[in-house]
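In the working numbering, the protein residues as written are 2 to 97. Here a beta-carbon is modelled for each residue, glycine too, at the ideal position from N, C-alpha and C. The next block holds one structure in the form of structure tokens; read it before the comments.
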């Protein structure tokens, strides 16, 4: 996941996507999906970004149903991406 983010920042979208795909293949979770969605959105690939954002939301919903902790730093990025994609958040980890 971190390699995908770094490659995205270097404007290497193809290899960033390959790194994100590999992270998901070896057991990535909602953060991997969210970071992949952010990478795609930053590079103008909004349809693919939406798909990964929705996957992240489904996984996050599952975490909340099992009372797992949600990383606070992820919440702002999630909100910004939802606004960029023009979609509502599926769930509110803060109960709001």
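Inset, instruction - Could you check how far apart the C-beta atoms of residue 82 and residue 42 are, in whole angstroms? I think they sit under 8 Å. - result: Indexing the chain shown from 1 puts residue 82 at position 81. Indexing the chain shown from 1 puts residue 42 at position 41. Confirmed, Cβ separation roughly 6 Å.
Legend entry - C-alpha gap between residue 40 and residue 64, whole angstroms: Translated into the one-based positions of the chain shown, residue 40 becomes position 39. Translated into the one-based positions of the chain shown, residue 64 becomes position 63. Rounded to whole angstroms, residue 40 to residue 64 spans 23 Å at the Cα level.
Inset, instruction - Grab the span of the alpha helix (DSSP H) containing residue 26 for me, first residue to last. - result: Taking the first residue of the chain shown as 1, we reach residue 26 at position 25. Segment 14–26, the alpha helix (DSSP H) holding residue 26.
Inset, instruction - Go to residue 35, then tell me how far its alpha helix (DSSP H) extends in each direction, as first and last residue. - result: Working through the chain shown from its first residue, we reach residue 35 at position 34. First-last of the alpha helix (DSSP H) with residue 35: 31–43.
Inset, instruction - With DSSP as the reference, label residue 63 as helix, strand or coil. - result: Counting from one through the chain shown, the residue named residue 63 turns up at place 62. Three-state DSSP puts residue 63 in a helix.
Inset, instruction - Can you have a look at residue 7 and say buried or exposed, based on whether 16 or more other CB atoms are within 10 angstroms of its CB? - result: Here residue 7 refers to the residue found at position 6 when the chain shown is read from its first residue. Classification of residue 7: exposed, given that the 10 Å Cβ count is below 16.
Legend entry - Straight-line gap, residue 29 to residue 86 (C-alpha atoms, nearest Å): Walking along the chain shown from the start, residue 29 turns up at place 28. Walking along the chain shown from the start, residue 86 turns up at place 85. Looking at the two C-alpha atoms, the distance is approximately 22 Å.
Inset, instruction - Would you mind giving the Cβ-Cβ distance between residue 17 and residue 9, rounded to the nearest angstrom? I have them listed as a contact below 8 Å. - result: For the purposes of this step, residue 17 is identified with residue 16 of the chain shown, where counting begins at 1. For the purposes of this step, residue 9 is identified with residue 8 of the chain shown, where counting begins at 1. Right, the Cβ-Cβ distance comes to about 4 Å (below 8 Å), so this counts as a contact.
Legend entry - Pair within 7 Å by beta-carbon distance, residue 48 and residue 91: Against the chain shown, residue 48 aligns to sequence position 47. Against the chain shown, residue 91 aligns to sequence position 90. No, the Cβ-Cβ distance between residue 48 and residue 91 is not below 7 Å.
Inset, instruction - Using a threshold of 7 Å, state whether the C-beta atoms of residue 44 and residue 14 are closer than that. - result: Residue numbering aside, residue 44 sits at position 43 when the chain shown is read from its first letter. Residue numbering aside, residue 14 sits at position 13 when the chain shown is read from its first letter. Yes. Within cutoff.
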